[in-house]
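Structure record follows, encoded as structure tokens.
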Amino acid sequence: MIVFLDVDGTYAARGVVPPGHVAAVRAARARGHRVLLCTGRPVAMLPPSIVGAGFDGYVASAGAYVELAGRVVRDERFPAELAARAVEVLDEHGAAYLLESPDELLAPPDGRDRILQAFTDRHGRHGRVDALPDFLSGLRARPAGHVPRFSKITVLGSSVEVHELGALIGPQVATIPSSVPLLSSAGRSTWRTCTRRSVRRSPRTSSGWTARAPSPSGTGSTTSR
């Protein structure tokens, strides 16, 4: 049997994994079952406190990255031209954003401290600052002039609405609400999509946004059209 576990709100609550959940994962694997994390988070946003129980693989970035038994099965990222266009639009509108990939989490060249402060200001009011060190421990500033290959963009703030940013970037991207609690009250995201027809734009909300790449069949998931 293969067991897929969502992270936020299922395996972990605001980044904290109950000991009973760790024990359940280890017991299932000891009985020969494969257990995988299935999440909108990139692997770079899965700290040891989340993956410490031991897993057989990951379906991360909501399907853009798949790893099984240490072997990368899928690693889909923005094409170079689209990535450059996205970063250009975001920077033109003074957006605070995260560029997410399996191996790194990047802020704008001058935006790392601003992003950390935004999280502290917002979540500190609700007594959740203790979740930030692990959640953003790998965050680095993107070198000026460098556009990396990434799978997803999380927009935490902008001078214009996120759906407008998506429209400016182009029809290859879509925006949907974030499923990560620490993002959903602070940010919005845009993700690259494989085909325009297989991406469904969710209604705009006042919470955070995220987006996902659809499955190769074009059917996507509950967050794709």
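In terms of the working numbering, the sequence shown is residues 0 to 224. We treat Cβ as the ideally placed atom computed from N, Cα and C, and that holds for glycine.
Close beta carbons around residue i, own chain, < 8 Å, minus the five adjacent residues each side
| i | result |
| --- | --- |
| PRO147 | ALA82, LEU98, SER100, GLU103, LEU105 and ARG141 |
| TYR64 | PRO41, VAL42, TYR57, VAL58, VAL71, ARG73, ASP74, GLU75, PRO101 and SER150 |
| HIS32 | MET0, ILE1 and VAL2 |
| ARG139 | GLU103, LEU104, LEU105, ALA106 and ARG111 |
Residue i (DSSP reduced to helix, strand or coil)
| i | result |
| --- | --- |
| ASP5 | coil |
| GLU103 | coil |
| GLU66 | strand |
| PRO18 | helix |
| ASP55 | coil |
| ALA12 | strand |
| GLY165 | helix |
| ALA143 | coil |
| LEU45 | coil |
| ASP109 | coil |
| VAL88 | helix |
| ARG33 | strand |
| VAL154 | strand |
| ARG28 | helix |
| VAL159 | coil |
Chain-order list of residues whose beta-carbon lies under 7 Å from that of residue i (same chain, five-residue window excluded)
| i | result |
| --- | --- |
| ARG113 | ALA95 |
| LEU167 | VAL88 |
| GLY165 | VAL172, ALA173, THR174 and THR189 |
| GLU66 | GLY56, TYR57 and VAL72 |
| ILE49 | VAL6, ALA11 and VAL16 |
| GLY19 | none |
Proximity to residue i [Cα-Cα], best of the options
| i | options | result |
| --- | --- | --- |
| ILE152 | GLY144, GLY137 and VAL86 | VAL86 |
| ILE1 | VAL154, VAL50, ASP55 and VAL161 | ASP55 |
| GLY93 | VAL34, PRO107 and ARG84 | PRO107 |
| THR44 | VAL6, ARG28 and ALA23 | The question names Thr, yet the displayed sequence has Met at residue 44. If we check each option's Cα against that of MET44, VAL6 comes out closest. |
| ALA143 | GLY110, VAL34 and GLU66 | GLY110 |
| PRO47 | LEU135, GLU160 and ASP90 | LEU135 |
| SER60 | ILE49, GLY39 and GLU66 | GLY39 |
| SER157 | GLU91, LEU115 and ARG139 | GLU91 |
| HIS145 | GLN116, GLU80 and ARG30 | GLU80 |
Own chain residues within Cβ distance below 6 Å of residue i, not counting five before or after
| i | result |
| --- | --- |
| LEU4 | TYR10 and LEU36 |
| VAL159 | HIS92 |
Proximity below 8 Å, CB of residue i to CB of residue j
| i | j | result |
| --- | --- | --- |
| ARG25 | ALA52 | yes |
| ARG28 | VAL34 | yes |
| GLY137 | ARG84 | no |
Below-8 Å beta-carbon distance, residue i vs any chain C residue
| i | result |
| --- | --- |
| ALA143 | Absent from the structure is chain C; it holds one protein chain and no more. |
> For the 8 Å Cβ check, are there 3 or more pairs between the region 13 to 22 and the region 62 to 79?
Replying inline: no
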